[in-house]
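Residues in the sequence shown are numbered from 0 upward in steps of one, following numbering that gives the first Met the number 0.
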Amino acid sequence: MTDWSRVNLKPHNYHTIIVAEDHDGTRRSLALFLRRQLSATVVEASNAPECLGEMKTRKPTLVLSDILMPGCDGFEMLREIRALEKDGKPRIPIIAMTALGSKADRKRIFDACFRAYLQKPFTPDQLIETIRSVLN
Numbered sequence: 000m001t002d003w004s005r006v007n008l009k010p011h012n013y014h015t016i017i018v019a020e021d022h023d024g025t026r027r028s029l030a031l032f033l034r035r036q037l038s039a040t041v042v043e044a045s046n047a048p049e050c051l052g053e054m055k056t057r058k059p060t061l062v063l064s065d066i067l068m069p070g071c072d073g074f075e076m077l078r079e080i081r082a083l084e085k086d087g088k089p090r091i092p093i094i095a096m097t098a099l100g101s102k103a104d105r106k107r108i109f110d111a112c113f114r115a116y117l118q119k120p121f122t123p124d125q126l127i128e129t130i131r132s133v134l135n
């Protein structure tokens, strides 16, 4: 089991992060970790429609998105998020989280314009490093 408590990071309490993940345990663990480590506002969404609803009422600095969600997958959700963003405004960085790991899967993820990719299972250090690279 991963020790999520050992990663130390400067607080970034000005960040709002949406975690879109259909697996309850994974979503809750990620949200708790990000709240504790980043002092960020973390919004949990169990599916794409919930995430899209939150996007309309909040201005997140980052979205962590599962790819294989029932109904509307992460690729469709990304297209809908981009449709919500107005021209000329900075695009919200979206990190794909998935068990898909083939070269073709990674190519599809980056071709869809996800900002970064985390293959499950990932470590706390990999998560933090990916978030840092996207937000810096």
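We put the CB at the ideal spot given by N, CA and C, even for glycine.
Keep in mind that this is a model prediction, so the values were computed, not measured.
{"Asked": "Outcome for S64 when other beta-carbon atoms lying within 10 angstroms are tallied against a minimum of 16", "Found": "buried"}
{"Asked": "Classification of E84 by the beta-carbon crowding that lies within 10 angstroms, buried from 16 upward", "Found": "exposed"}
{"Asked": "Under the three-state DSSP convention, the category I91 falls into", "Found": "coil"}
{"Asked": "Paired residues, beta bridge with D65 - DSSP", "Found": "M96"}
{"Asked": "For G100 and R26, the rounded distance between their alpha carbons", "Found": "20 Å"}
{"Asked": "Presumed contact (8 Å Cβ cut-off) between P69 and I17, rounded CB distance", "Found": "About 18 Å separates the two Cβ atoms, so there is no contact after all."}
{"Asked": "Helix, strand or coil at T1 [DSSP, three-state]", "Found": "In this prediction, T1 has a pLDDT of 47, which is less than 50 and means its spatial position is unreliable; what the coordinates show is noted afterwards. Correct three-state label for T1: coil."}
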